[in-house]
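Colleague:
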Amino acid sequence: VVGTLLLFLRFYVFGSLWPGVHAGEALWQSAFQAVSAFNNAGFVIFPAAHLGGPGLIPFAADYVVLAITGALVIVGGLGYTVLRDVAVVRRITRFSLDTKLILLGSGVLIVLGGVLFFACEYGRPGTLGEMGVGDKLANSAFHSVASRTAGFNTVDYSKISGQSGVFTEALMFIGGASASTAGGIKVNTFMVVVVAVLATVRRRRYVSAFGREISLDVIRRAMVVGAVATAFVAVVVFTLSALEGDIALRDILFESFSAFGTVGLSSGITPGLGDASRVVLVVTMFVGRLGPLTLALLMAGREAHQFYRLAEEHVRIG
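Reading the sequence shown from the start, the letters are residues 16 to 333 in our numbering.
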C-alpha cells in the first residue's frame, strides 16, 4: 500500500507517467508495479509505446522510481521472519542468528554487486556507457538489488560484459532469504556455507557466527542444497547446449541461472528457443522455486537411527 501510494504520487500527483495519463490508469500502474516489486515478480505492464522503451529502461534516470522499486524488492526478499524481528524486536543485538546472517549477506551482496557492475559496465556502450556518473551509480545499485530475484531491468542484458554476466549469475543463484518472495538457494543458506568454509580454513572445530554456534545438521543441509542446486543447473546447461548448439554458452548459462532463480532476466535468446528448450526452462523455474525448500524440509525430518558406526578411515583431499 505504501509503495502504491508513493508511486502514485510520482506518476500522477507530482509528475506524469506519460502525457495525458488519467488518475485511474496511474493508480493501476502504481499498484501493479508495487505488488510486482514486493513479490519479486519482475513483471512490468508499462506501455512501451507511451514511454519509449520496454521494462524499466525508460526510468533509468528516475531515481524516485528506482528507489521505491528497489526498496520494495529488498523488503520482499528479506522474508517475513526478518521483518518481524525488525518490527518487533528492533534491537540488532537481539535479532536471531538467521536474521543477522540474512541482513549481513544481503547487504554485502547488494554493495558488492553494485560495485562490480559499476566497474565492469562504466564505459560499455549499450549499458552504462552513455549515462552520467549519478545515473551509473543508481543503475548499478538497482541492478544489484533486482538481479538477485526480481528481474527488473534498466539496461539491455544482451549487451552486458562477460564479467557482469558471471557475477549476475551468482547473484541470481543465491537469491533472497528463506520464507520470502525470492528464489535461489537463499542467502541464509549461502551464508551458512560461507561461515562453514571460513571455520574450516581457520581450523575451527565448531562453526559459529555472531556468538552463536551453528549445528552440524544445519551445515549439512546447507551444503546439500548448494551442491544439489549446482548439479541441477549444470544438467540444465548441458541439456540446453545439446538442444541449442548454435547459441553461445554464455547466453545459455545466463538463461539457466535466471530460470533457476526465478528471476526473469534474459540475454535475449528466449524467443528463439525451440519448444523442448522452453519446456526445460519451465521445469527449471518450478524446481528453482520449490526444490530448495522441498529439499530442506525433507532433510529437516526425523533422522534415521543408526545403532552402530563403522570404522573410520582417512581419505586424501586435494
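Backbone N, C-alpha and C fix where the C-beta goes; we use that ideal spot for every residue, glycine too.
Taking only three categories from DSSP, how would you classify Ala156?
Modeller: One-based indexing of the sequence shown puts residue 156 at position 141. Looking at Ala156 - three-state DSSP - the assignment turns out to be helix.
Colleague: Between the stretch 168 to 183 and the stretch 128 to 146, are three or more C-beta pairs nearer than 8 Å?
Modeller: Flag = yes, the stretch 168 to 183 and the stretch 128 to 146 touch.
Colleague: Answer with buried or exposed for Gln48, where buried requires no fewer than 16 other C-beta atoms within 10 angstroms of its C-beta.
Modeller: Position 33 of the sequence shown, counted from the first residue, corresponds to residue 48. So Gln48 ends up on the buried side.
Colleague: Terminal residues of the continuous alpha helix (DSSP H) containing Glu40?
Modeller: Working through the sequence shown from its first residue, we reach residue 40 at position 25. Per DSSP, Glu40 belongs to the alpha helix (DSSP H) from Ala38 to Phe53.
Colleague: Could you pull the start and end residues of the alpha helix (DSSP H) that Asp232 belongs to?
Modeller: What you label residue 232 is simply residue 217 of the sequence shown in a count that begins at 1. Taken as a continuous stretch (DSSP letters only), the alpha helix (DSSP H) holding Asp232 covers Leu231 to Leu258.
Colleague: Arg25 and Val79 - do their beta-carbons sit closer together than 7 Å?
Modeller: For the purposes of this step, residue 79 is taken as residue 64 along the sequence shown, with counting starting at 1. For the purposes of this step, residue 25 is taken as residue 10 along the sequence shown, with counting starting at 1. In this structure, Arg25 lies closer than 7 Å to Val79 by Cβ.
Colleague: Could you give the distance in angstroms between the alpha-carbon of Ala291 and the alpha-carbon of Leu258?
Modeller: On the sequence shown, residue 291 is found 276 positions in, with the first residue counted as 1. On the sequence shown, residue 258 is found 243 positions in, with the first residue counted as 1. Going from the Cα of Ala291 to the Cα of Leu258 covers about 8 Å.
Colleague: Which residues mark the beginning and the end of the alpha helix (DSSP H) in which Arg99 is found?
Modeller: Numbered from 1 along the sequence shown, position 84 holds the residue referred to as residue 99. Tyr95 to Arg99 is the span of the alpha helix (DSSP H), which, as asked, contains Arg99.
Colleague: May I have the straight-line CA-CA distance separating Val50 from Gly141, to the nearest angstrom?
Modeller: Within the sequence shown, the letter at position 35 stands for residue 50. Within the sequence shown, the letter at position 126 stands for residue 141. So the two alpha carbons sit approximately 29 Å from each other.
Colleague: Suppose you measure from the CA of Ala76 to the CA of Ala153; what does that come to, to the nearest Å?
Modeller: Position 61 of the sequence shown, counting from 1, holds the residue named residue 76. Position 138 of the sequence shown, counting from 1, holds the residue named residue 153. Going from the Cα of Ala76 to the Cα of Ala153 covers about 8 Å.
Colleague: Between Leu66 and the rest of its own chain, which residues show a CB-CB distance below 7 Å, the 5 nearest in sequence each way excluded?
Modeller: The sequence position of residue 66 within the sequence shown is 51, counting from 1. The answer, listed in chain order, is Trp33 and Pro73.
Colleague: Is it true that the CB of Gly198 sits closer than 7 Å to the CB of Phe304?
Modeller: In the sequence shown, counting from the first residue as 1, residue 304 sits at position 289. In the sequence shown, counting from the first residue as 1, residue 198 sits at position 183. Per the sequence shown, the amino acid found at residue 304 is Arg instead of Phe. Yes, the Cβ-Cβ distance between Arg304 and Gly198 is below 7 Å.
Colleague: Expressed to the nearest angstrom, what Euclidean distance is found between the alpha-carbon atoms of Ala242 and Val208?
Modeller: Along the sequence shown, one-based indexing puts residue 242 at 227. Along the sequence shown, one-based indexing puts residue 208 at 193. Distance between the alpha carbons of Ala242 and Val208: 11 Å.
Colleague: When you compare the CB positions of Leu93 and Ala192, do they come within less than 7 Å of one another, or not?
Modeller: Residue numbering aside, residue 93 sits at position 78 when the sequence shown is read from its first letter. Residue numbering aside, residue 192 sits at position 177 when the sequence shown is read from its first letter. Yes. Within cutoff.
Colleague: In the DSSP assignment, find the alpha helix (DSSP H) that holds Asn203 and state where it starts and stops.
Modeller: On the sequence shown, residue 203 is found 188 positions in, with the first residue counted as 1. Val202 to Val216 is the span of the alpha helix (DSSP H), which, as asked, contains Asn203.
Colleague: Let's test the definition: count the other Cβ atoms within 10 Å of the Cβ of Phe157 and tell me whether it reaches 16, buried, or not, exposed.
Modeller: As a working note, residue 157 is residue 142 in the sequence shown. Counting Cβ neighbours within 10 Å, Phe157 comes out buried, since at least 16 surround it.
Colleague: Taking the C-alpha atoms as reference points, what is the distance between Ser230 and Thr277?
Modeller: As a first step, residue 230 must be located in the sequence shown, where it is residue number 215. As a first step, residue 277 must be located in the sequence shown, where it is residue number 262. Going from the Cα of Ser230 to the Cα of Thr277 covers about 29 Å.
Colleague: Applying the criterion that 16 or more other CB atoms from any shown protein chain within 10 Å of the CB defines a buried residue, is Phe205 buried or exposed?
Modeller: Locating residue 205 in the sequence shown gives position 190, where the first residue counts as 1. It is buried - the Cβ of Phe205 has at least 16 other Cβ atoms within 10 Å.
Colleague: Which residues bound the alpha helix (DSSP H) around His65?
Modeller: One-based indexing of the sequence shown puts residue 65 at position 50. From DSSP, the alpha helix (DSSP H) with His65 extends over Ala63 to Leu66.
Colleague: Going straight from the alpha carbon of Phe167 to that of Leu81, what length do you get?
Modeller: Here residue 167 refers to the residue found at position 152 when the sequence shown is read from its first residue. Here residue 81 refers to the residue found at position 66 when the sequence shown is read from its first residue. Computed Cα separation, rounded: 10 Å.
Colleague: From which residue to which residue does the alpha helix (DSSP H) around Gly289 run?
Modeller: Along the sequence shown, one-based indexing puts residue 289 at 274. That residue, Gly289, is in no alpha helix (DSSP H); it is neither H nor E in DSSP.
Colleague: By alpha-carbon positions, which one of Gly283, Leu87, Leu98 and His329 ends up nearest to Ala46?
Modeller: One-based indexing of the sequence shown puts residue 46 at position 31. If we check each option's Cα against that of Ala46, Leu87 comes out closest.
Colleague: For Phe55 and Ala165, what's the separation of their Cα atoms in angstroms?
Modeller: As a working note, residue 55 is residue 40 in the sequence shown. As a working note, residue 165 is residue 150 in the sequence shown. According to the sequence provided, residue 55 is Asn. The question's Phe does not apply to it. Their backbone Cα atoms lie some 4 Å apart in a straight line.
Colleague: Tell me the rounded alpha-carbon separation between Thr139 and Tyr172.
Modeller: Counting from one through the sequence shown, the residue named residue 139 turns up at place 124. Counting from one through the sequence shown, the residue named residue 172 turns up at place 157. According to the sequence shown, residue 139 is Arg rather than Thr. Computed Cα separation, rounded: 12 Å.
Colleague: How close, in whole Å, do the beta carbons of Ser121 and Val202 come, if the pair is a contact with beta carbons under 8 Å?
Modeller: Position 106 of the sequence shown, counting from 1, holds the residue named residue 121. Position 187 of the sequence shown, counting from 1, holds the residue named residue 202. Yes, Ser121 and Val202 are in contact; Cβ-Cβ is about 6 Å, under 8 Å.
Colleague: Exposed or buried, which one is Gly287 when buried takes at least 16 other CB atoms within 10 Å?
Modeller: Taking the first residue of the sequence shown as 1, we reach residue 287 at position 272. Exposed is the call here.
Colleague: Quick check: the Cα distance between Ile175 and Glu136, rounded to an integer number of angstroms?
Modeller: The residue labelled residue 175 in the question sits at position 160 within the sequence shown. The residue labelled residue 136 in the question sits at position 121 within the sequence shown. Taking the straight line from one Cα to the other gives about 7 Å.
Colleague: Count the other C-beta atoms from every protein chain shown that fall within 10 angstroms of the C-beta of Val294, then say buried if there are 16 or more, exposed otherwise.
Modeller: Taking the sequence shown and counting its residues from 1, one reaches residue 294 at position 279. So Val294 counts as exposed.
Colleague: Nearest-angstrom Cα distance between Met187 and Gly306?
Modeller: Taking the sequence shown and counting its residues from 1, the one referred to as residue 187 is at position 172. Taking the sequence shown and counting its residues from 1, the one referred to as residue 306 is at position 291. One C-alpha to the other measures close to 15 Å.
Colleague: Alpha carbon to alpha carbon, how far is Ala244 from Val103?
Modeller: Locating residue 244 in the sequence shown gives position 229, where the first residue counts as 1. Locating residue 103 in the sequence shown gives position 88, where the first residue counts as 1. Answer to the nearest angstrom: the Cα atoms are 34 Å apart.
Colleague: Tell me the start and end of each unbroken alpha helix (DSSP H) in the stretch 122 to 194 that is at least 4 residues and wholly inside, in chain order.
Modeller: List check, alpha helix (DSSP H) in window: 148 to 161 and 177 to 189.
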